[in-house]
Amino acid sequence: RKELTVSMIEKKITDPKEYNLIKLLKDNTNPNQYGLQYVHLEHDLCRAFASNSYAIVIADLEPNWWKDIFGSLPEFVYINKLNKDRFIYSDGEKLDKFKYQEIFEAVGKEPEYQPVTHLDLKLLRNLIDKFDDVYFVKGAGQALYMQLEGDKYPHGNYYAAIMPMTITKEQADKIIEALGNLAIAAAAEIRRRWVADKRESAA
Numbered sequence: 015r016k017e018l019t020v021s022m023i024e025k026k027i028t029d030p031k032e033y034n035l036i037k038l039l040k041d042n043t044n045p046n047q048y049g050l051q052y053v054h055l056e057h058d059l060c061r062a063f064a065s066n067s068y069a070i071v072i073a074d075l076e077p078n079w080w081k082d083i084f085g086s087l088p089e090f091v092y093i094n095k096l097n098k099d100r101f102i103y104s105d106g107e108k109l110d111k112f113k114y115q116e117i118f119e120a121v122g123k124e125p126e127y128q129p130v131t132h133l134d135l136k137l138l139r140n141l142i143d144k145f146d147d148v149y150f151v152k153g154a155g156q157a158l159y160m161q162l163e164g165d166k167y168p169h170g171n172y173y174a175a176i177m178p179m180t181i182t183k184e185q186a187d188k189i190i191e192a193l194g195n196l197a198i199a200a201a202a203e204i205r206r207r208w209v210a211d212k213r214e215s216a217a
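As numbered in the numbering used here, residues 15 to 217 make up the sequence shown, in order.
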């Protein structure tokens, strides 16, 4: 690594999997919210995690990968800039009370199912990018929990969670009604006539 200033340090990236991991963590921080702009590195557990308050990602690496990638880094890291072959970081402020965000804390024991929720696809893509398989689990509360698997990241275990955003009952009812109508022959005939009229008007 090379020190650029008192507070900014450059570290070389030697493996594409390392770049993918750093990008995964960086993409799931929130630079505009105190505490969430940092990647938290738990060296004793070989565990890295990041959260943007709506989603959280956790990477449990094997010790040899951890040593090569994070061994020289502090506990809290702010990733200032990321390139394919290097990244620039600064030592984050130590947060004595930093903990896993509430999104990852299940409330109660029984799943609470919602008929429809709104997922921000940008947040979801930031979590699952370059993974090959994603296993979704619906726990208590509204959060969706995930186990992520793929060979484009350093070997280890990857977990994530995302908090869907709620929508109104009117929106939910409209979607359910629309999907339900797809199976109704009368609705299909109405749609067929509507399409035919549109095509005739455009001719």
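For glycine and all other residues, C-beta sits at the position ideal for the given N, C-alpha and C.
These numbers come from a predicted model, not from an experiment.
Query, Result
"Are L38 and R61 close, meaning C-beta to C-beta below 9 Å?", "no"
"Check whether the segment 204–214 and the segment 159–174 touch, using three or more Cβ-Cβ pairs below 8 Å as the test.", "no"
"Within the same chain, show all residues whose beta-carbon is closer than 6 Å to that of Y68, passing over the 5 residues directly before and after it, in chain order.", "L137, M177"
"In three-state DSSP terms, what is Y33?", "helix"
"So what does DSSP say about A157, is it helix, strand or coil?", "coil"
"Report the residue ranges of all beta strand (DSSP E) runs contained in full by the segment 164–189; include only those spanning at least 3 residues, in chain order.", "170–176"
"Excluding the 5 residues preceding and the 5 following F118 in the sequence, name in chain order all residues of the same chain whose CB lies nearer than 6 Å to its CB.", "Its pLDDT being 49, under 50, F118 is placed unreliably in this model, and the value from its coordinates should be taken loosely. Correct list, in chain order: I70, A175."
"Enumerate in chain order the residues of its own chain whose CB-to-CB distance from R100 is below 7 Å, with the five nearest sequence positions on each side excluded.", "E24, K25, K26, I27"
"Let's test the definition: count the other Cβ atoms within 10 Å of the Cβ of P30 and tell me whether it reaches 16, buried, or not, exposed.", "exposed"
"Would Y92 pass as a contact of Q51 if the rule is Cβ separation under 9 Å?", "yes"
"Among D143, D187, K183, which residue has its Cα nearest to the Cα of Y221?", "One cannot answer for residue 221 here, as it falls past the ends of the chain, which runs 15 to 217."
"For P88, I'd like the list of residues in its chain whose CB is within less than 6 Å of its CB, leaving aside the five on either flank, ordered along the chain.", "D105"
"Going along the chain, which residues of its own chain have a beta-carbon closer than 8 Å to the beta-carbon of T180, five neighbours each way excluded?", "Q128, T131, H132, Q156"
"Anyone know if the C-beta pair for N34 and N66 falls short of 9 Å?", "no"
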